[in-house]
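Note that numbering that gives the first Met the number 0 has the sequence shown beginning at 0, numbered continuously upward. Where is the CB? At the ideal position from N, CA and C, for every residue including glycine. Computed from a prediction, not measured in an experiment: that's the story for all the values here. Working notes, beginning with the structure itself.
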Amino acid sequence: MSFKDFSLDPRLIGGIRRQGFEKPTPIQAQAIPVILKGRDLMAAAQTGSGKTVAFAVPSLQRLLQPARVAVRGPRLLVLTPTRELAQQVAGVFLDMGKFMKLRAVTLVGGASIEDQVRRLEEKHDLVVATPGRLLDHLEKGRVRFQRLEVFILDEADRMLDLGFIDDVKKIASFLPEERQTLLFSATLGGRVKRIADDILRDPDSIETGGPRERHQDISLVAYLAQTRDHKIALLAALLEKGKRSRTLVFVATKRTADYLARELSHHNLHCGVLHGDKTQGARNHTLRQLRSGSVRVVIATDVAARGLDVEGLDHVINFDLPQGGREYTHRIGRTGRAGKKGTATTLVEPKDTWRLERIEQSLKLKIRRAELSSVEPPPRRATKNRAASADRKS
Ligand code: AMP
Numbered sequence: 000m001s002f003k004d005f006s007l008d009p010r011l012i013g014g015i016r017r018q019g020f021e022k023p024t025p026i027q028a029q030a031i032p033v034i035l036k037g038r039d040l041m042a043a044a045q046t047g048s049g050k051t052v053a054f055a056v057p058s059l060q061r062l063l064q065p066a067r068v069a070v071r072g073p074r075l076l077v078l079t080p081t082r083e084l085a086q087q088v089a090g091v092f093l094d095m096g097k098f099m100k101l102r103a104v105t106l107v108g109g110a111s112i113e114d115q116v117r118r119l120e121e122k123h124d125l126v127v128a129t130p131g132r133l134l135d136h137l138e139k140g141r142v143r144f145q146r147l148e149v150f151i152l153d154e155a156d157r158m159l160d161l162g163f164i165d166d167v168k169k170i171a172s173f174l175p176e177e178r179q180t181l182l183f184s185a186t187l188g189g190r191v192k193r194i195a196d197d198i199l200r201d202p203d204s205i206e207t208g209g210p211r212e213r214h215q216d217i218s219l220v221a222y223l224a225q226t227r228d229h230k231i232a233l234l235a236a237l238l239e240k241g242k243r244s245r246t247l248v249f250v251a252t253k254r255t256a257d258y259l260a261r262e263l264s265h266h267n268l269h270c271g272v273l274h275g276d277k278t279q280g281a282r283n284h285t286l287r288q289l290r291s292g293s294v295r296v297v298i299a300t301d302v303a304a305r306g307l308d309v310e311g312l313d314h315v316i317n318f319d320l321p322q323g324g325r326e327y328t329h330r331i332g333r334t335g336r337a338g339k340k341g342t343a344t345t346l347v348e349p350k351d352t353w354r355l356e357r358i359e360q361s362l363k364l365k366i367r368r369a370e371l372s373s374v375e376p377p378p379r380r381a382t383k384n385r386a387a388s389a390d391r392k393s
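Take a look at the structure:
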């Protein structure tokens with residue numbers, strides 16, 4: 000199968016080719032024809048599956064047709080749970096729409112309202128937004144959706160996890176009834192299904208790959224550590240060993256993130272840090288450093304890492320265990336993307352092995368146990384374990 004099979008406009012084919020994409024990923028192969036037909040769609044797709052291109056390309060094809068009504072305002076709206084994801088999604092649209100005149104406005108918190116108002120006053124076709132900031136603009140009448148044709152909810156499950164359900168419903172109430180709605184989510188059950196029932200009309204449904212299939216390009220491994228300090232020593236050794244790889248390290252709290260960055264600097268390992276207390280500017284800077292390779296290791300909390308897409312991330316390390324199977328899947332989905340190989344390492348203290356086993360059971364997969372015999376558990380510190388105390392404070 001090739002992108003040519005979708006009878007896309009040559010300008011879009013040009014945009015796709017420029018990215019070096021040779022053939023559609025499974026989600027693209029299934030979703031693009033449905034979206035081109037104008038149908039509503041709910042699709043189960045992980046980050047890393049190529050889902051953004053799957054909704055961007057057919058929506059852009061629609062923009063190449065004349066608008067239904069001759070008023071101002073966007074014809075496409077994408078809602079994402081986080082600022083970083085919004086920026087990423089807008090970037091994909093601009094890449095795909097490189098050879099058409101696409102004008103996009105990104106509306107996210109942490110960025111200047113005045114700039115956004117100015118951009119909204121100019122001509123634009125696409126708005127990519129996080130719910131809070133979009134509602135702010137909507138309620139003040141700064142953005143109007145009379146011309147809207149396609150509404151896309153990206154990472155709907157995350158949106159609900161972050162408590163945006165009422166905001167999403169409210170935003171939907173500002174949109175024309177006559178529209179196409181596309182919902183992408185890692186899972187389609189429970190609450191996601193209910194919101195889909197509310198805002199989609201007779202949707203087609205697509206699911207690509209079970210958990211096993213989704214993880215086939217990622218090698219899963221767990222190292223047992225005696226103590227938290229042993230975990231730090233193991234982490235330092237793994238980062239040292241994989242000096243050339245780009246690594247995202249997950250921690251449970253902001254304090255652990257800062258603490259770990261300090262500890263690793265004692266091992267001459269310079270790491271970027273992403274968490275909710277960092278300003279948007281600082282987060283963007285860290286992401287740029289990771290993308291450019293000037294920083295190879297970033298330590299992040301789950302919220303800060305949501306929806307991150309960094310080309311060529313080779314390694315994800317769970318310094319702290321994820322809450323459960325779903326969080327595990329989201330974390331490790333940062334690597335092994337679009338057919339590339341990746342490694343997902345989990346560091347486990349004896350008190351946490353039951354949680355690792357629960358994750359394996361819920362996802363029906365086996366995580367290989369390994370040892371790094373060269374890294375002995377460090378002697379227990381005489382003073383109170385600083386990492387543990389940092390955690391308690393957060
Ligand atoms: P996403 O699931 O949208 O987060 O995309 C994950 C990654 O897949 C991104 O880095 C895209 O650049 C890449 N990608 C998207 N479509 C393709 C394709 N058809 N072939 C190869 N890589 C792709």
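Asked                                                                                                                                                              : Found
According to DSSP, is residue 283 part of a helix, a strand, or is it coil?                                                                                        : helix
I need the boundaries of the beta strand (DSSP E) containing residue 341, first residue and last residue.                                                          : 341–347
Once DSSP output is grouped into helix, strand and coil, what is the label at residue 206?                                                                         : strand
Going by DSSP, what residues sit across from residue 173 in a beta bridge?                                                                                         : In the DSSP output, where bridge partners are listed per residue, residue 173 has none listed.
Report buried or exposed for residue 269, applying the criterion of at least 16 other Cβ atoms within 10 angstroms of its Cβ.                                      : exposed
Do you know offhand how far residue 250's Cα is from residue 348's?                                                                                                : 14 Å
Assuming residue 264 is part of the alpha helix (DSSP H), what are its boundary residues?                                                                          : 253–264
Going by C-alpha distance, which of 275, 146 and 156 is nearest residue 326?                                                                                       : 156
Please list the terminal residues of the continuous alpha helix (DSSP H) segment that includes residue 58.                                                         : 50–62
Quick check on residue 379: buried or exposed, where buried means 16 or more other Cβ atoms within 10 Å of its Cβ?                                                 : exposed
Pick out the complete alpha helix (DSSP H) segments inside the region 114–178, 4 residues or longer, and give them in chain order.                                 : 130–138, 155–160 and 164–172
How far does the beta strand (DSSP E) with residue 368 in it extend, from its first residue to its last?                                                           : 367–369
Confirm, please, whether the CB-CB distance from residue 248 to residue 271 is below 8 Å.                                                                          : no
Quick one: using the 10 Å Cβ neighbour count with 16 as the cut-off for buried, is residue 333 buried or exposed?                                                  : buried
Give the range of the beta strand (DSSP E) segment to which residue 247 is assigned.                                                                               : 246–250
Our contact map puts residue 76 next to residue 147 with C-beta atoms below 8 Å; I'd like the distance itself, whole angstroms only.                               : 6 Å
In the DSSP output, which residue or residues are listed as bridge partners for residue 315?                                                                       : 247 and 343
Is residue 211 helix, strand or coil by DSSP?                                                                                                                      : Low local confidence applies: a pLDDT of 43 at residue 211 is under 50, so the model's placement there is unreliable, with the coordinate-based value given in what follows. Helix, per DSSP.
Under 7 Å from any heavy atom of the ligand AMP, does the C-beta of residue 48 make it?                                                                            : yes
Going by beta carbon distance, what residues of the same chain come within less than 6 Å of residue 107, once the five residues before and after it are set aside? : 82, 85, 129 and 132
Just to confirm the assignment: which complete beta strand (DSSP E) runs, minimum length 3, are found wholly within the region 61–90?                              : 75–78
To the nearest angstrom, how far is the alpha carbon of residue 1 from that of residue 244?                                                                        : 31 Å
Kindly indicate which three-state DSSP category residue 218 falls into: helix, strand or coil?                                                                     : strand
Using 8 Å as the threshold, is the C-beta distance between residue 298 and residue 344 below it?                                                                   : no
Beta carbon of residue 22: closer than 7 Å to some heavy atom of the ligand AMP?                                                                                   : yes
For a test of the three-state rule: what should DSSP assign to residue 99, helix, strand or coil?                                                                  : coil
For residue 312, which option in 194, 320 and 296 has the closest C-alpha, if you only look at C-alpha atoms?                                                      : 296
Rank 258, 234 and 119 by C-alpha distance to the C-alpha of residue 373 and give the top, closest one.                                                             : 234
Any heavy atom of the ligand AMP within a distance shorter than 7 Å of the CB on residue 52?                                                                       : yes
Can you tell me which of the three DSSP states residue 296 falls into?                                                                                             : strand
Among 180, 377 and 29, which one has its Cα closest to the Cα of residue 197?                                                                                      : 180
So residue 11 is in the alpha helix (DSSP H); what residue range does that whole segment cover?                                                                    : 9–17
Examine the ligand AMP and report whether any of its heavy atoms sits within less than 7 Å of the Cβ of residue 60.                                                : no
Please return the same chain residues whose Cβ sits closer than 6 Å to the Cβ of residue 13, not counting the five positions on each side in sequence.             : 98
Do you know how far the Cα of residue 205 is from the Cα of residue 33?                                                                                            : 10 Å
Going by DSSP in three states, residue 352 sits in which element: helix, strand or coil?                                                                           : helix
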